[in-house]
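Asks:
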Amino acid sequence: MALSLSAMRSAPFSAKLGMSLILLYAVLAIFAPLIAPYAEQEVVGPTYQPWVAPYYLGTDALGRDVLSRLIYGARNTVGIALMATGLAFLIGSTLGLVAATMGGWVDTALSRLVDVLMAIPSLIFALLILTITGTSVVALILVIAVLDSTRVFRLSRAVAQGILTLDYIEVARMRGEGLGWIVRREILPNAAAPLIAEFGLRFCFVFLFIAALSFLGLGLQPPTADWGSMVRESARLISFANFSSWQTATFGLAPLLPAAAIAILTVSVNLVVDWVLHLSSGLKD
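Going by my numbering, the sequence shown opens with residue 5, and the numbers climb by one from there.
1. Assuming T154 and G96 form a contact by the criterion Cβ under 8 angstroms, report the distance between their Cβ atoms to the nearest whole angstrom.
2. Look up Y59 in the DSSP assignment and give the residues it is bridged to.
3. Quick check: the Cα distance between S14 and A196, rounded to an integer number of angstroms?
4. Could you tell me the alpha carbon to alpha carbon distance between L21 and V110, rounded to whole angstroms?
5. Exposed or buried, which one is W185 when buried takes at least 16 other CB atoms within 10 Å?
6. Comparing C-alpha positions only, which one of D278, T51 and L170 sits nearest to A65?
7. To the nearest angstrom, how far is the alpha carbon of I133 from that of V175?
8. Starting from the Cα of G292, find the closest Cα among L27, S160 and P198 and give me that residue.
9. Is the segment 113-120 touching the segment 135-149, taking contact as three or more C-beta pairs under 8 angstroms?
10. Looking at E202 and V273, is the spacing between their C-beta atoms short of 8 angstroms?
11. If we require 3 or more residues per run, which beta strand (DSSP E) segments fall completely within the segment 74-131?
12. According to DSSP, simplified to helix, strand and coil, what is D171?
13. Between which two residues does the alpha helix (DSSP H) harbouring S233 extend?
14. Express the C-alpha separation of F213 and L32 in angstroms, rounding to a whole number.
15. Just checking my contact of Q53 with P227 at CB under 8 angstroms: how many whole Å lie between their CB atoms?
16. Enumerated in chain order, which unbroken segments of the beta strand (DSSP E) with a length of 3 residues or greater are wholly contained in the segment 150-220?
17. What's the gap between the Cα of A263 and the Cα of R179?
18. Decide if V56 is buried, meaning its Cβ has at least 16 other Cβ atoms within 10 Å, or exposed.
19. On the DSSP letters alone, give me the boundaries of the alpha helix (DSSP H) that L25 sits inside.
20. D230 and G223 - do their beta-carbons sit closer together than 8 angstroms?
21. Leaving out the 5 sequence neighbours to the left and right, which residues in its chain are closer than 7 angstroms to E190 when beta-carbon positions are compared?
22. Report the residue from L170, M23, L261 and G62 whose alpha carbon sits nearest the alpha carbon of P41.
23. Can you name, in chain order, every residue of its own chain whose Cβ lies under 8 angstroms from the Cβ of T169, other than the five neighbours on each side?
24. Under 7 angstroms Cβ to Cβ from M234, same chain only, skipping five residues before and after it: list those, please.
25. When DSSP labels each residue in this structure, what does D69 get in the three-state scheme?
26. When you measure from the CB of Y52 to every non-hydrogen atom of the ligand HEM, does any distance come out below 7 angstroms?
27. What does DSSP give as the partner residue(s) for V47 in the beta ladder?
28. Let me make sure I understand the geometry here. Which of R158, L283 and I268 has the alpha-carbon closest to that of A27?
29. Expressed to the nearest angstrom, what Euclidean distance is found between the alpha-carbon atoms of A6 and I266?
30. Determine, using beta carbons only, whether A130 and V210 come nearer to each other than 8 angstroms.
Below, the structure is given as structure tokens:
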């Protein structure tokens with residue numbers, strides 16, 4: 005199911021709001037060097053400056069502009085989450101469709117391997133692997149993609165098994181169509197709607213997972229701007245906040261800025277996913 009322009013125009017307000025916010029995040033991520041007042045790692049002034057010009061959201065413990073690092077964080081955090089989710093879907097959906105179509109020992113072997121991986125808590129498994137391999141961007145993407153591909157495998161396999169019972173699949177097999185043709189031309193187009201919705205939900209989980217790893221110190225490493233690590237770095241400022249003064253009260257709000265950026269994007273994606281699920285279900289308002 006492709007989302008046409010007319011369908012987007014007739015979308016409810018919640019979906020339009022979600023799409024608008026996602027577009028805003030995309031613009032910030034793509035054009036971060038042009039939008040941010042300062043460079044990502046540039047020390048621009050004294051530490052812990054209040055929210056006054058030219059540091060509109062203050063400075064951090066090293067004197068870097070917080071607004072600039074929030075903008076660059078959109079590029080780093082969201083970009084890596086998008087790459088990890090895309091790779092997870094490439095691995096999981098491919099193996100899931102192949103397992104459902106071929107069946108037999110292939111389906112059994114892949115399903116049992118996925119069951120083993122899903123039995124291990126994701127956070128503990130990621131912490132273990134990243135501690136051994138190091139916290140490079142490539143390792144982070146690969147570990148998260150492998151972990152999340154198990155969920156995608158289960159969904160794509162279940163959807164494909166339902167489609168394989170339909171009559172037109174039997175007709176395609178009787179015509180002598182191969183496995184690749186059946187998956188590409190018959191199963192994948194009919195499984196697109198739930199997979200698109202799952203992509204949005206899975207992106208939210210990956211995005212929050214990266215932020216959690218960064219908060220624990222095993223995600224994106226300093227001096228790279230990342231919203232999860234920014235929450236950890238600025239959390240100590242809460243104890244210095246004096247709410248009788250606006251300038252010092254901003255110290256207590258510092259950890260909320262990257263946390264709010266994470267929450268807003270998560271809610272925005274879920275609003276769009278809910279609309280896509282509504283369309284794919286065929287229900288009317």
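Where is the CB? At the ideal position from N, CA and C, for every residue including glycine. Computed from a predicted structure; not experimentally measured.
Replies: This is what the structure holds:
1. 7 angstroms
2. V56
3. 21 angstroms
4. 44 angstroms
5. exposed
6. T51
7. 46 angstroms
8. Only positions 5 to 289 of the chain appear in the structure, and residue 292 is not among them; the question remains open.
9. no
10. no
11. none
12. helix
13. W231 to S238
14. 21 angstroms
15. Between P227 and Q53 the Cβ distance is about 18 angstroms, and since that is not below 8 angstroms, they are no contact.
16. none
17. 55 angstroms
18. exposed
19. F17 to I34
20. yes
21. Y172, I173 and A176
22. G62
23. none
24. R73, G77 and P262
25. strand
26. This structure lacks the ligand HEM, and indeed carries no ligand of any kind.
27. R68
28. The question names Ala, yet the displayed sequence has Leu at residue 27. Comparing Cα positions, the closest option is I268.
29. Because A6 carries a pLDDT of 48, less than 50, the predicted location of this residue cannot be relied on, and no value is offered for it.
30. no
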